[in-house]
Each structure stands twice: as structure tokens, then as C-alpha cells.
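Numbering (full-length UniProt numbering), first residue to last: 1 to 102.
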């Protein structure tokens, strides 16, 4: 019984770590988008636009971070579903234990 609870706690901790990682990637994505916006805004109207290579690099970085965020969201949803399943199993086991004790 204690081993099952320990496994469940590990799964919950893993899900929480992945949620935090997803939040971190979301923050990086926002920083990259803000940097891109800043670069666009800082270029004077008469100036030559930002170098094509730098713009492409920033767009690729944003796209990569978006893809990583999406992967982490999917993984987090799976972990949360798994954690919910473990919670439900634990509640059912607790009810069975209470019923058999009564």
C-alpha cells in the first residue's frame, strides 16, 4: 500500500516538474517574441530592415519554442490524466478498505 502511494507521489511530482518546465518554455517563447517585436520597433522607418538572417533566426527560434511548448502541453496533459487516474484508484482503494473494515 505504501509503495503504491509512493509511486503515485512520484507521478504527481513528475507531472508538476513538467508543468513548471512548460511554464519556463512559455516564458522563453514570450521573451523571444518580445525581442522580435523590439527589434522591429527599434528599426527607424527609413533604415534598412533587420538583416534577413537575424529575422529568420528569430522566427525559427519562436517556431521551435512554440513546438516545444506544444509538446510539453501534450505531455503535461497525459501526466495530469495519469495522476488523476492514480488519485481515483487511491480513492477507490480507500473506500474498499473502509468498507471491509466496517
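Ideal Cβ positions, reconstructed from N, Cα and C, are used throughout, including at glycine.
Pairwise C-alpha distance: residue j and residue i
i, j, result
"residue 74", "residue 82", "12 Å"
"residue 80", "residue 100", "30 Å"
"residue 68", "residue 21", "10 Å"
"residue 38", "residue 70", "25 Å"
Supposed close pair residue i, residue j - CB separation, criterion 8 Å
i, j, result
"residue 108", "residue 58", "No statement about residue 108 is possible, as the shown extent of the chain runs from 1 to 102 and does not include it."
"residue 29", "residue 5", "Going by Cβ atoms, the distance from residue 29 to residue 5 rounds to 36 Å, so no, they are not a contact pair."
"residue 19", "residue 95", "Actually they are not in contact, since the Cβ atoms of residue 19 and residue 95 sit about 28 Å apart, beyond 8 Å."
Residue environment, residue i, which counts as buried when at least 16 other CB atoms sit within 10 Å
i, result
"residue 23", "exposed"
"residue 41", "exposed"
"residue 53", "exposed"
Three-state class that DSSP yields for residue i in the structure shown
i, result
"residue 102", "coil"
"residue 1", "coil"
query: Is it a yes or a no for the segment 86-98 touching the segment 8-15, going by three-plus beta-carbon pairs under 8 Å?
result: yes
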